[in-house]
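Before any comments, here is the structure.
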Amino acid sequence: MIVCYLKSEVKNELKASIINKDIIGLVPTMGSLHKGHLSLIKNAIENCDEVWVSIFINPTQFNNESDLKNYPKNIKKDINLIKSVSKKIKVFCPEINEMYERGLNYKQYDFNGIDSKLEGKYRKGHFNGVATIVSKLFKLFKPNQAFFGEKDFQQAQIIKRLIDLEKHKTKLIICPTVREKNGLAMSSRNSLLSKKSRENSSIIFHNLNYVKTHFKKTDFDEIISKCIKSINSCDGFKTEYFEIVDSFSLSKQKKYSADKSYRVFVSVIVDEVRLIDNILLN
Ligand code: PAF
């Protein structure tokens with residue numbers, strides 16, 4: 000299996016594919032791969048001639064040093080997992096200097112306000128960091144398709160905007176959230192939870208579904224305070240935000256109107272780990 004560490008190696012690898020007009024698929028990741036990533040990779044294999052997985056823990060998208068320090072890392076295991084899916088997949092796992100030659104800075108983007116909502120309120124600069132690294136990856140790979148998970152729906156909207164702003168010729172593919180048996184959305188951070196908290200985390204998806212059942216007939220504030228109370232009743236759980244928003248603008252909504260599409264978003268701190276999730280309501 001081909002594993003590249005340098006951009007120059009990637010460019011060399013891509014030469015033949017570009018001449019052959021192969022459809023290039025990119026799955027950007029920060030490693031610690033789980034079934035959610037595998038579903039992105041499988042989707043890419045089905046739709047592309049050549050699939051690349053990038054593994055890079057991007058420092059500029061962390062607004063909290065201990066979050067970056069504690070972020071799970073296991074490159075060898077990740078590479079073996081990818082190999083078990085297909086040896087044809089190519090991997091790019093650069094060192095920090097390779098991606099940030101001129102220091103750890105992010106570019107400031109105009110995301111039309113999407114970046115100041117939900118995650119953006121709690122993670123200052125996070126989306127500029129995400130867009131900076133994804134832009135670097137898009138410029139390097141020039142992928143025809145790039146695969147992201149619906150669990151990070153707001154991130155996917157940011158990438159959509161980045162594609163427009165920088166005129167990348169990449170098609171954004173958003174793949175459905177993969178869940179553990181109890182409903183907890185797959186995330187690399189789940190491995191940091193205690194066994195008990197991981198079990199109790201089923202309460203998050205349970206409450207998202209509660210909203211889906213009731214949002215057409217109940218005042219949003221009433222549903223939200225019920226859900227926050229329910230989640231916070233679990234030992235060590237603290238809801239950071241729980242919002243029903245317009246699916247397109249991601250701005251907070253108060254009550255149901257039949258001509259609109261809604262999503263519910265949540266962030267919960269569990270054992271100092273941030274868990275996020277969201278579902279489409281209609
Ligand atoms: O979703 C992630 O894992 C990261 O935000 C991404 C898109 C790989 C950028 O570092």
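So the sequence shown is numbered by numbering that gives the first Met the number 0: it starts at 0 and just counts up by one. Idealized CB from N, CA, C, for every residue including glycine.
For residue 69, the CB stays at least 7 Å from every heavy atom of ligand 1.
Take residue 150, set aside five residues on each side of it, and the residues of its chain with a beta-carbon closer than 6 Å to its own are 176, 184, in chain order. Residue ranges of uninterrupted alpha helix (DSSP H) with 4 or more members, entirely inside the segment 163-225 and ordered along the chain, are 194-199, 201-213.
The alpha carbon of residue 196 has as its nearest neighbour, out of 25, 273, 34, the alpha carbon of 273.
Taking residue 95 as the centre and dropping the five residues before and after it, the same chain places the C-beta of 58 closer than 7 Å to its C-beta, in chain order. Collapsing the DSSP output to three states places residue 160 in a helix.
If you measure from each CB to the nearest heavy atom of ligand 1, the residues under 6 Å come out as 27, 28, 29, 57, 60, 129, 132, 133, 151, 154. Under the DSSP definition of a beta bridge, residue 89 partners with 51. The distance from the Cβ of residue 9 to that of residue 91 is about 6 Å, consistent with a contact at the 8 Å cut-off. Residue environment analysis places residue 100 among the exposed positions, since fewer than 16 neighbouring C-beta atoms fall within 10 angstroms of its C-beta. Residue state for residue 38 is assigned as helix, using DSSP reduced to three classes.
Judged by DSSP in its simplified three-state form, residue 58 adopts helix. Going by DSSP, residue 147 is part of the beta strand (DSSP E) stretching over 144-148.
With contacts defined as CB atoms closer than 8 Å, residue 61 and residue 132 fail to qualify as a contacting pair.
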